[in-house]
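Residue numbers (the working numbering), protein chains in the order written: chain W, 1 to 335; chain U, 336 to 670; chain X, 671 to 1005; chain E, 1006 to 1340. We put the beta carbon where it would ideally sit given N, CA and C, even for glycine.
4 protein chains.
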Amino acid sequence: MTIAIGVLGVGRIGEMHAELIAQRIEGARLAGVFDLNGEAAKGVAAKFNCRQFSDPEELMSSSDVDAIAICTSTDTHVDMLVKASKFEKPVFCEKPISLSLSETDRGLKAISDSKTPLMIGFNRRFDPSHRSVRDSVADGSIGDVHIARITSRDPAPPPVEYAKVSGGIFVDMTIHDFDMARYVVGSEIVSVYATGAVRVVPALAEIGDLDTVALMLQHANGAITMVDNSRQAVYGYDQRVEVFGSKGLVGSDNPLMTSTVSRNAQGTQLAKMPYFFLDRYIPSYIAEWNEFIAVASGKIAPAVTGADGRASLVAGLAAWKSVREGRLVKTSEIN
Amino acid sequence: MTIAIGVLGVGRIGEMHAELIAQRIEGARLAGVFDLNGEAAKGVAAKFNCRQFSDPEELMSSSDVDAIAICTSTDTHVDMLVKASKFEKPVFCEKPISLSLSETDRGLKAISDSKTPLMIGFNRRFDPSHRSVRDSVADGSIGDVHIARITSRDPAPPPVEYAKVSGGIFVDMTIHDFDMARYVVGSEIVSVYATGAVRVVPALAEIGDLDTVALMLQHANGAITMVDNSRQAVYGYDQRVEVFGSKGLVGSDNPLMTSTVSRNAQGTQLAKMPYFFLDRYIPSYIAEWNEFIAVASGKIAPAVTGADGRASLVAGLAAWKSVREGRLVKTSEIN
Amino acid sequence: MTIAIGVLGVGRIGEMHAELIAQRIEGARLAGVFDLNGEAAKGVAAKFNCRQFSDPEELMSSSDVDAIAICTSTDTHVDMLVKASKFEKPVFCEKPISLSLSETDRGLKAISDSKTPLMIGFNRRFDPSHRSVRDSVADGSIGDVHIARITSRDPAPPPVEYAKVSGGIFVDMTIHDFDMARYVVGSEIVSVYATGAVRVVPALAEIGDLDTVALMLQHANGAITMVDNSRQAVYGYDQRVEVFGSKGLVGSDNPLMTSTVSRNAQGTQLAKMPYFFLDRYIPSYIAEWNEFIAVASGKIAPAVTGADGRASLVAGLAAWKSVREGRLVKTSEIN
Amino acid sequence: MTIAIGVLGVGRIGEMHAELIAQRIEGARLAGVFDLNGEAAKGVAAKFNCRQFSDPEELMSSSDVDAIAICTSTDTHVDMLVKASKFEKPVFCEKPISLSLSETDRGLKAISDSKTPLMIGFNRRFDPSHRSVRDSVADGSIGDVHIARITSRDPAPPPVEYAKVSGGIFVDMTIHDFDMARYVVGSEIVSVYATGAVRVVPALAEIGDLDTVALMLQHANGAITMVDNSRQAVYGYDQRVEVFGSKGLVGSDNPLMTSTVSRNAQGTQLAKMPYFFLDRYIPSYIAEWNEFIAVASGKIAPAVTGADGRASLVAGLAAWKSVREGRLVKTSEIN
């Protein structure tokens, strides 16, 4: 059986998903696309030889669409979820579900009430290296978890215009790390202490955002996770996760672009790191879609749920509260 | 402009090429396929939504085919080259061109006489790590080349039935290393000293083949290349190239499947190596096809020529002669 | 010129220093030793063929002693410093100077008033890898410092009896990391946020100590340092420092005991890490003594001063206050 | 019990041994030294506070000397061995025993007839990384040995004057690798195929020596060892050993001088390699002396025997014969 997927929104990430679905995913087919920008949708439809839908509900309701992928801008996710919940079709939704917790809850309620299978796009969970870290924790290889460390740095900052509507660094960027912390440690975040600064893009200060942050998370199981983010690592896309426990340590180091080694009188030189997520995480997106196909085929329940999307948003909001109030904030304070 | 490629032969390697052309190569299109095994061709044609041709010349002559990929069994390559040379279309041919030098010359003459652009499928040249080694040599970074080392080991031996018709290890397996030696050192092989043993598959002894070999190659520029091969490395597909010169060293080490690191009281554990060529060399095949598209578009001359294919076969035949006669053999002795 | 050094206190660390001075330090000589435990002193004196002094002042005042090394228990350091300040001889003192800030100040005043050259034993500054990190920051190679990360974990916890008189983990263990943070970042610590837990040795809870801690330090130059410590890393002595800035990253990774690599069907295995400081830091102690010899010879001023010792104690006391009050504590609050 | 060692010859290597014996070897004492160059001997005796002997036999016969270390120039080793064989004292002798096989045999006969315990100074056997390779082979971890690879390159060539009396590269430099091959593979060398060139020091051509060589060794157990040497690796002292077998691979990679890692827009930089043997092999010399002390104490038999010294010389002579005659040479041809 092939699952025909309709993709809503073909901006940068949506087009990437459309391409993967069209070409790289066994058991999947790109049924069609929709985008408010009709020209963009037209181009993608032509490129991958699929239908262009004229509005989201036409796509959602089409008998040629088995499953729905929501890749539109964040502020439209909840409306899309509510609409999608009417069609009894499995739904994939990009992160974050919303910048608002009440809106998130509205969307999740519609999904839940309709028993719609929903999977949230935390792609890093599907990266083979990070997944291997989680597996080693989950199978007991490292014993009780004491300390986790997550470093996640982008190669270059996004435009300030984007930052303005992104929910700020904790909701836009750190959200991946909150999810990663919950994923690898295997325990909920109960409190957040966050700090940060503007070191890279001065204009961020004017809109109350940060570009360099550090966080300390307490988990329900007693583990502590330390996270740091920067919007600008000139050496590339720095993505490391490490978990330390009573029996040892497991971590995912940065892969390099090639396995070339040079030696001369100056020392030893290795290759560059991946520059950004397209250089690093394509295998994770492919694994994500393979998982979604299994979900849409009814074989498994979604591994990344609406509750996961919500929990990371809560942590992000707690981080902002922590920075603003200069104190540790419990996630139970956010609602 | 999109180049429409017809693929002759859809066995393991041909089907892989068909899939890459159909899905992964910008500017390429899979026009159709042919295989003596009609069922196999039918399946591939259906899977990638392309035409199934009923004989090679129908494919070669089709107005819907811009370029021809020869992926049939080695013993048919020369006939295919001769046929293809009539159609003024760019040709890709898998290695080795033939097990016979005179046959190779017959095929290459037809290609040459017809001025058909021909590219031979030495995919490892397109591996980013190996390529980076070659580039560092070519740009003078390591100075004059003194010593190269190539290790190339398969994870498991092929069936003895395959070995029987393969030309033996030096023509079937080491041929990649002869090409790699010429590629990274940037100089012709002038002599071969080879030795070997049967250590893995006793039945190979009966057919005069080897599974564990070591070679010493002299290049025209004075460099020495040491090569070793094994048909069975239980830890995976070991593929290393290293060049040492007057200004330093550059090498391509084995990549690992993930960047996971574990530490416990026993030591430090890293991930597995790629198991075989599909795990390691897909990026090289994609780069190979990108190169061929540029060739077929008339933008560049083929970087891997018929002469390259011939030179590696000569080295392979020299290696067999060296083993049989227990002495160093000059490549000029082979003709 | 050879500097004759008298060593006060030949417990574990004092004996190690005595041995290094006697055997490994160019330009140094072990003049003699003193220890309250006369048998211990006698053994060391016999082993390294030096004099055994009967009390500290006899050693300090001896015309055969050019410089004084204070390696006695922490609670005696200040009295030793005050005594030593009378003899116009260069002094080396182990860290921490004292568990009490007022006592520290009393000792440092005597040293300062007498213009005694004093060097504090923060050996990690002399580790070639950590030093190289500092050098890359200091020479501008990584630009402005944004984030530093320090992981420092012991292989096994000390006896609870020791912990009781140690000042607790922040003063006994993290003190090295406070110094390292100041050293590599090149800027004072202005605030400390600390948290921690008892995960390894339950008995520590009864004495109000911790064995697993995480800290966030703010520096005067805007950098943030994240530190984590554990009293028990079963895989060995984990000692990593990393600095991230506007132009790149530099870090000191853990060395391994050998450069052996194994590969089999299970993956790739590397060697063990150093088990504890004697396996990792001997080269740092040797470099430390070389530095002290240069200080004692009047060639250079001490690179690790009393003020450095004081600053790390202040940070340690701030960390305890942070944990007790559950808030960020400015180092200016400690006095 | 402390073993008092007298050192004959305090050139570069002899002085290093004297220093290690005086300062770093538990259970050893430097009894005294002798050197034809009396000033050199005087300096060393003063530095390490030991006796200067006026001739070799005075040292050998002294009741204050328990064991004899022969570190004089190679051409005197055999005479020293013959003399030493009269004193019933354990003997350490640097490699090679002699450049002449008959002379070697004369020396070894005296040693053997007198039942003198003799240990030859193949220090690399005691390097923890190489030793770990050997151990993994010896304990069966990698199964049957199929292929070994040894790379051994010096950072800079010795003076031509030295080369003239050294026996040439195969006897002076490769001799370590012949011993290493026998050590890690655990089987005798039965044949040698060698080739080489002058690429670094043109003057070597005039004296019939080489500076860049490659060798293929056949072992009695069917394993093949590939060796390459260069007199000049600008990046440092390249010392790698690797053994591949039916169950996997084990190798000793080059250690680096520090564990520092830098990342910037150009890529990843690691530290330099050790520059030469004093930077790399001090731990091996210490382990070597610890072993000799155990031998001299009668606790163990020598692990590196006269027969080991002889076998490597035979291989070196076979290599020269192979180069001169352009053919594979059996070690049984050398006598």
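- Query: Based on the DSSP output, what are the partners of T1273 (chain E) in its beta bridges?
  - Reply: As a position in the fourth sequence, residue 1273 (chain E) is number 268, starting the count at 1. As computed with DSSP, T1273 (chain E) is found in a beta bridge with W:L270, E:R1268.
- Return the chain-ordered list of same chain residues with a C-beta closer than 7 Å to the C-beta of L99 (chain W), the five sequence neighbours on each side being excluded. Taking the first residue of the first sequence as position 1, residue 99 (chain W) is located at position 99. For L99 (chain W), where only same-chain residues beyond five positions count, the Cβ hits under 7 Å are T74, G167, V171.
- Task: Could you tell me which chain W residues have their CB closer than 7 Å to the CB of V904 (chain X), listed as they occur along the chain?
- Result: Residue numbering aside, residue 904 (chain X) sits at position 234 when the third sequence is read from its first letter. Neighbours of V904 (chain X) on chain W, chain order: K247, G248.
- Item | Residue range of the unbroken beta strand (DSSP E) whose run includes G1253 (chain E) | On the fourth sequence, residue 1253 (chain E) is found 248 positions in, with the first residue counted as 1. Element bounds for G1253 (chain E): 1253–1257.
- Task: Using beta-carbon positions only, say whether A311 (chain W) and I334 (chain W) come within less than 7 Å of one another.
- Result: Indexing the first sequence from 1 puts residue 311 (chain W) at position 311. Indexing the first sequence from 1 puts residue 334 (chain W) at position 334. No, these two residues do not count as a Cβ contact at 7 Å.
- Message: Taking only three categories from DSSP, how would you classify F427 (chain U)?
- Response: Residue 427 (chain U) sits at position 92 when you count from the first residue of the second sequence. DSSP places F427 (chain U) in strand when its eight states are reduced to three.
- Cα-Cα separation, T1001 (chain X) to A890 (chain X): Mapped onto the third sequence, residue 1001 (chain X) falls at position 331. Mapped onto the third sequence, residue 890 (chain X) falls at position 220. Rounded to whole angstroms, the gap between the alpha carbons of T1001 (chain X) and A890 (chain X) is 11 Å.
- Within the same chain, show all residues whose beta-carbon is closer than 6 Å to that of N384 (chain U), passing over the 5 residues directly before and after it, in chain order. Sequence index remark: in the second sequence, residue 384 (chain U) carries index 49 (1-based). Within the same chain, N384 (chain U) has no close Cβ partners at all.
- Thinking C-beta only, is T774 (chain X) closer than 7 Å to I767 (chain X)? The count along the third sequence starts at 1 and reaches residue 767 (chain X) at position 97. The count along the third sequence starts at 1 and reaches residue 774 (chain X) at position 104. Yes, they are a contact pair.
- Task: In angstroms with no decimal places, state the Cα-to-Cα distance between V761 (chain X) and R1236 (chain E).
- Result: On the third sequence, residue 761 (chain X) is found 91 positions in, with the first residue counted as 1. On the fourth sequence, residue 1236 (chain E) is found 231 positions in, with the first residue counted as 1. Rounded to the nearest angstrom, the two C-alpha atoms are 47 Å apart.
- Query: For the putative contact between V342 (chain U) and I360 (chain U), defined by C-beta atoms under 8 Å, what is the C-beta separation to the nearest angstrom?
  - Reply: As a position in the second sequence, residue 342 (chain U) is number 7, starting the count at 1. As a position in the second sequence, residue 360 (chain U) is number 25, starting the count at 1. About 12 Å; that fails the 8 Å criterion.
- Sort out for me which residues DSSP pairs T225 (chain W) with in a bridge. Taking the first residue of the first sequence as 1, we reach residue 225 (chain W) at position 225. In the DSSP assignment, T225 (chain W) is bridged to W:A148, W:L217.
- Query: Going by alpha carbons, who is nearest to I68 (chain W) out of W:V227, W:F292, W:P159, W:Q218?
  - Reply: Here the question's residue 68 (chain W) lines up with position 68 in the first sequence. Nearest option by C-alpha distance: W:F292.
- Please state whether DSSP places T1200 (chain E) in a helix, a strand or coil. To locate residue 1200 (chain E), count along the fourth sequence from 1; it is residue 195. Three-state DSSP puts T1200 (chain E) in a strand.
- Task: Compare the C-beta of D563 (chain U) with all C-beta atoms of chain A and state if any pair is closer than 7 Å.
- Result: Judged by its chain identifiers, the structure shown contains no chain A, and its protein chains are W, U, X and E.
- Message: Quick check on N229 (chain W): buried or exposed, where buried means 16 or more other Cβ atoms within 10 Å of its Cβ?
- Response: Position 229 of the first sequence, counted from the first residue, corresponds to residue 229 (chain W). Around the CB of N229 (chain W), 16 or more other CB atoms lie within 10 Å, so the residue is classed as buried.
- Query: Can the beta-carbon of S129 (chain W) be found closer than 7 Å to that of S594 (chain U)?
  - Reply: Position 129 of the first sequence, counting from 1, holds the residue named residue 129 (chain W). Position 259 of the second sequence, counting from 1, holds the residue named residue 594 (chain U). Judged by their CB atoms, S129 (chain W) and S594 (chain U) are nearer to each other than the 7 Å cut-off.
- Over what stretch of residues does the alpha helix (DSSP H) that includes E623 (chain U) continue unbroken? As a working mapping, residue 623 (chain U) is identified with position 288 in the second sequence. Per DSSP, the unbroken alpha helix (DSSP H) holding E623 (chain U) starts and ends at 617–631.
- Quick one: what's got a C-beta closer than 7 Å to R1139 (chain E)'s C-beta in the same chain, skipping five residues either side? One-based indexing of the fourth sequence puts residue 1139 (chain E) at position 134. When the five nearest sequence neighbours on each side are left out, the beta carbons in the same chain lying within less than 7 Å of the beta carbon of R1139 (chain E) are those of Y1188, V1189, in order along the chain.
- Decide yes or no for the touch test of the segment 816–829 of chain X against the segment 1282–1296 of chain E: beta carbon pairs closer than 8 Å, at least 3 of them. Between the segment 816–829 of chain X and the segment 1282–1296 of chain E, the count of C-beta pairs closer than 8 Å stays below three; the two stretches do not touch.
- Write down every uninterrupted run of the alpha helix (DSSP H) in the segment 678–728 of chain X whose length is 4 residues or greater and which is fully enclosed by it, in chain order. If one requires a minimum length of 4 residues, the alpha helix (DSSP H) runs lying completely within the segment 678–728 of chain X are 682–693, 708–717, in chain order.
- Looking only at C-alpha atoms, which of X:P953, X:V984, X:A864 sits nearest to F796 (chain X)? Taking the first residue of the third sequence as position 1, residue 796 (chain X) is located at position 126. Cα-wise, what sits closest to F796 (chain X) is X:P953.
- chain X within 7 Å of H219 (chain W), Cβ atoms only: Position 219 of the first sequence, counted from the start, is the residue given in the question as residue 219 (chain W). Judged by the 7 Å Cβ criterion, H219 (chain W) is not in contact with chain X.
- List, in order along the chain, the chain U residues whose C-beta lies closer than 8 Å to that of G1227 (chain E)? Taking the fourth sequence and counting its residues from 1, the one referred to as residue 1227 (chain E) is at position 222. The answer, in chain order, is A532, R534.
- Residues of chain W with CB under 8 Å from M592 (chain U), in chain order? Along the second sequence, read from residue 1 onward, the residue named residue 592 (chain U) stands at position 257. P128, listed in chain order.
- Message: In whole angstroms, give me the CA-to-CA distance for D643 (chain U) and A650 (chain U).
- Response: Locating residue 643 (chain U) in the second sequence gives position 308, where the first residue counts as 1. Locating residue 650 (chain U) in the second sequence gives position 315, where the first residue counts as 1. Between the C-alpha atoms of D643 (chain U) and A650 (chain U) there is a straight-line separation of about 11 Å.
- Task: Report the neighbours of R263 (chain W) on chain U: residues whose CB is nearer than 7 Å to its CB, in chain order.
- Result: Taking the first residue of the first sequence as position 1, residue 263 (chain W) is located at position 263. By Cβ distance, chain U contributes G583, L584.
- How is the beta strand (DSSP E) around R910 (chain X) delimited, first residue to last? As a working note, residue 910 (chain X) is residue 240 in the third sequence. Here the beta strand (DSSP E) through R910 (chain X) covers 908–915.
- Message: Could you compute how far the alpha carbon of A325 (chain W) sits from the alpha carbon of V192 (chain W)?
- Response: For the purposes of this step, residue 325 (chain W) is taken as residue 325 along the first sequence, with counting starting at 1. For the purposes of this step, residue 192 (chain W) is taken as residue 192 along the first sequence, with counting starting at 1. The question names Ala, yet the displayed sequence has Glu at residue 325 (chain W). Cα to Cα, E325 (chain W) sits roughly 12 Å from V192 (chain W).
- Message: According to DSSP, simplified to helix, strand and coil, what is A674 (chain X)?
- Response: As a first step, residue 674 (chain X) is located in the third sequence; it is residue number 4 there, counting from the start. Residue state for A674 (chain X) is assigned as strand, using DSSP reduced to three classes.
- Task: At 8 Å on the CB atoms, spell out the chain X contacts of N1128 (chain E), in chain order.
- Result: Here the question's residue 1128 (chain E) lines up with position 123 in the fourth sequence. Those within 8 Å of N1128 (chain E) in chain X number zero; the least Cβ separation is about 16 Å.
- Query: Which of helix, strand or coil does DSSP assign to A988 (chain X)?
  - Reply: Working through the third sequence from its first residue, we reach residue 988 (chain X) at position 318. Under the three-state reduction of DSSP, A988 (chain X) is assigned to helix.
- Can G580 (chain U) and D514 (chain U) be called in contact, C-beta distance under 7 Å? Taking the second sequence and counting its residues from 1, the one referred to as residue 580 (chain U) is at position 245. Taking the second sequence and counting its residues from 1, the one referred to as residue 514 (chain U) is at position 179. The Cβ atoms of G580 (chain U) and D514 (chain U) lie no closer than 7 Å to each other.
- How would you call M1065 (chain E), buried or exposed, if buried means at least 16 neighbouring beta carbons within 10 angstroms? Numbered from its first residue, the fourth sequence carries residue 1065 (chain E) at position 60. Taking all protein chains in view, the Cβ of M1065 (chain E) is crowded by 16 or more other Cβ atoms within 10 Å, so the residue is classified as buried.
- Item | Enclosing beta strand (DSSP E) for L118 (chain W) [first to last residue] | Here residue 118 (chain W) refers to the residue found at position 118 when the first sequence is read from its first residue. L118 (chain W) -> beta strand (DSSP E) spans 118–120.
- Query: What does V508 (chain U) reach in chain E if we use C-beta pairs closer than 7 Å?
  - Reply: If you number the second sequence from 1, residue 508 (chain U) lands on position 173. With the sequence shown as reference, residue 508 (chain U) is identified as Met, and Val is not the correct amino acid for it. Going along chain E, no residue has its Cβ under 7 Å from M508 (chain U), so there is no contact; the nearest lies around 14 Å.
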